[in-house]
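K.L.:
In my numbering, the protein residues as written are 127 to 582.
Following this message is one structure expressed as structure tokens.
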């Protein structure tokens, strides 16, 4: 018996477990994948290989270490930039072991550039790609409506940019209907949320124009608006989109694909809707143009009547012409008064609706106010044009009738006016004697003759 047994201790050597290489690698892989199922790793790209299959292979390294990275096609096609050797990136993925070589690697699901320089490279790459596809062409841009009845805004409800927009909209046209779609404007989920907001307004169609807004920030802060997926959603929008991201010196991909870029969110509010004063000024300008056109027509009509009245053959019809002129003047005054009364009635109607809307839901009451005003102005202009056409037709008809009754017109048909030697109009052949001198007035000139014979 050994000394250890004599002291009362028993000792057994540990059981020896012999692994196969495959089993050991599989065990390590299981442990690694369990511990590092969602890891974020930053480093520099090197040895980048892009396969025809669409998969990406590269090494992620820093000063001391390196690890292999694989990004399969399903994830690689969602990248917002084109990776390149030497680029600093952050990789998100699952750490695993490639069993065939026992090599540690990352299965990447997401890669983003790190630092302003890398972000600028990604920006330029995406800009060139979309420009080549024609998404920036001016011919694709949709017209921003001059007086939208409803405006959709996609932004963060807590953003200072939203407060600026709402204040300016209320000041310029406090009756406009505004719908807000809340979305994150910074961070990983921001592009998806903003794109969802644009899709929502396109699906529901309860607004006339969309504003995508965010205040200023660094290149990293504005990175969400350089997302390719968001850019394609905005480019495909059926509703016009105004980009209002950052400050005047900030440019994002969204600015290029939107139908209009506003330098700031406040500028977007100034652009998207005309003020009430501008609308009233346009109505006043249209009124002046209508009055000017009517005055010109009436002046030309009076000038034509005056020319006709000065013709010697119309001396006996001057009273009739003067009465017609007086009638035209009366109609002109009545038309001018009626126009002013109608415009004033529309203005009172507009103000009544604006006052009433304070007591009702803007969505239910004011949706058609802008369209109604435009329709009224167009209908009023058409009515005045029709009335002027009717008056002109009537004036031309009266002129034709007067010309038909004119002695000159009768003479033009081959008749003549015969006067005796005393200058009296001859209506009966028995009133002249044989040998008497007579004078015959034709359409153009006079004839002098001597009576040789009379008959009845």
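No residue lacks a Cβ here, since even glycine has one placed at the ideal position from N, Cα and C.
What is the rounded straight-line gap between the Cα of residue 217 and the Cα of residue 398?
P.N.:
In a straight line, the C-alpha of residue 217 is about 41 Å away from that of residue 398.
K.L.:
Which residues in the same chain as residue 359 place their Cβ atom closer than 6 Å to its Cβ, once the five residues preceding and following it in sequence are excluded?
P.N.:
Result list for residue 359: 321, 324, in chain order.
K.L.:
For residue 170 and residue 212, which I take to be in contact (beta-carbon distance under 8 Å), what is that distance rounded to the nearest angstrom?
P.N.:
Right, their Cβ atoms sit about 6 Å apart.
K.L.:
Which residue from 260, 337, 214, 263 puts its Cα closest to that of residue 274?
P.N.:
When each option's Cα is compared against that of residue 274, the closest is 337.
K.L.:
Look at the Cβ atom of residue 369, then the Cβ atom of residue 290, and state whether they are nearer than 7 Å.
P.N.:
No.
K.L.:
When you compare only the Cα positions, how much space is there between residue 196 and residue 381?
P.N.:
Distance between the alpha carbons of residue 196 and residue 381: 33 Å.
K.L.:
Quick one: grab the DSSP three-state call for residue 187.
P.N.:
Note: residue 187 maps to strand in three-state DSSP.
K.L.:
So residue 235 is in the beta strand (DSSP E); what residue range does that whole segment cover?
P.N.:
It spans 229 to 239 - the beta strand (DSSP E) in which residue 235 sits, taken as one unbroken run.
K.L.:
Comparing C-alpha positions only, which one of 306, 142, 354, 277 sits nearest to residue 250?
P.N.:
Nearest of 306, 142, 354, 277 to residue 250, Cα basis: 354.
K.L.:
If you pair each beta-carbon of the region 274 to 285 with each one of the region 294 to 307, do three or more pairs fall below 8 Å?
P.N.:
With the cut-off at 8 Å, the region 274 to 285 and the region 294 to 307 touch.
K.L.:
Quick one: complete alpha helix (DSSP H) runs, 4+ long, within the region 552 to 576?
P.N.:
The qualifying runs do not exist here; there are none.
K.L.:
When the Cα atoms are used, what is the spatial distance from residue 199 to residue 180?
P.N.:
Each residue's Cα considered, the two are about 5 Å apart.
K.L.:
Check each candidate in 374, 574, 237 and name the one with the smallest Cα separation from residue 208.
P.N.:
Considering only alpha carbons, the answer is 237.
K.L.:
Output needed for residue 508: all residues of its chain with C-beta closer than 7 Å, excluding positions within five of it in sequence on either side, in chain order.
P.N.:
Closer than 7 Å at the Cβ level, and outside the excluded window around residue 508, lies no residue.
K.L.:
How about residue 385 and residue 367: are their beta carbons less than 7 Å apart?
P.N.:
Against a cut-off of 7 Å, the Cβ pair of residue 367 and residue 385 comes out as a contact.
K.L.:
Contact check, residue 562 vs residue 538 under 8 Å by CB: the rounded distance?
P.N.:
Rounded, the Cβ-Cβ distance is 28 Å, inconsistent with contact.
K.L.:
Quick one: give me the first and last residue of the alpha helix (DSSP H) that residue 327 is part of.
P.N.:
316 to 330 is the span of the alpha helix (DSSP H), which, as asked, contains residue 327.
K.L.:
By a C-beta neighbour count over all protein chains shown, 10 Å radius and 16 as the cutoff for buried, is residue 201 buried or exposed?
P.N.:
Residue 201 should be labelled buried.
K.L.:
Hey, could you find the ends of the beta strand (DSSP E) residue 209 is sitting in?
P.N.:
Run containing residue 209: none; DSSP gives neither H nor E here.
K.L.:
CA-CA distance, residue 263 and residue 257?
P.N.:
Near 8 Å, if we compare the C-alpha coordinates of residue 257 and residue 263.
K.L.:
Quick one: what does DSSP say residue 178 is sitting in, helix, strand or coil?
P.N.:
Of the three classes helix, strand and coil, the one that applies to residue 178 here is coil, per DSSP.
K.L.:
DSSP state of residue 368, grouped into three classes?
P.N.:
Strand, per DSSP.
K.L.:
What are the residues that DSSP puts in a beta bridge with residue 166?
P.N.:
Note: residue 166 sits in a beta bridge opposite 218.
K.L.:
Residue 197 bridges to which residues according to DSSP?
P.N.:
Note: residue 197 sits in a beta bridge opposite 182.
K.L.:
Pull up the DSSP beta-bridge partners for residue 305, would you.
P.N.:
Beta-bridge pairing links residue 305 to 278.
K.L.:
Candidates 246, 226, 344, 175: which alpha carbon is nearest residue 149's?
P.N.:
The shortest C-alpha separation from residue 149 is found at 226.
K.L.:
If you draw a straight line from the C-alpha of residue 364 to the C-alpha of residue 277, how long is it?
P.N.:
One C-alpha to the other measures close to 14 Å.
K.L.:
Measuring alpha carbon to alpha carbon, tell me which of 394, 334, 173, 463 ends up nearest residue 293.
P.N.:
Of 394, 334, 173, 463, the residue nearest in Cα terms is 394.
K.L.:
Quickly, what does DSSP pair residue 507 with across the bridge? List them, please.
P.N.:
Answer is none; residue 507 lacks a bridge partner.
K.L.:
For residue 172, list the residues DSSP reports as bridge partners.
P.N.:
In the DSSP output, where bridge partners are listed per residue, residue 172 has 185.
K.L.:
Residues in the same chain with beta-carbon distance under 7 Å from residue 524, minus the five sequence neighbours each way, listed in chain order, please.
P.N.:
Only 450 meet the Cβ criterion.
K.L.:
Let me know if residue 164 comes out buried or exposed under the rule of 16 or more other beta-carbons within 10 Å of its beta-carbon.
P.N.:
The residue in question, residue 164, is exposed, as its Cβ has fewer than 16 Cβ neighbours within 10 Å.
K.L.:
Where does residue 339 sit, in a helix, a strand or coil, going by DSSP?
P.N.:
In the structure shown, residue 339 sits in a strand (DSSP, three-state: E or B).
K.L.:
Rounded to the nearest angstrom, what separates residue 499 and residue 260 at their Cα positions?
P.N.:
Roughly 38 Å between the two C-alpha positions.
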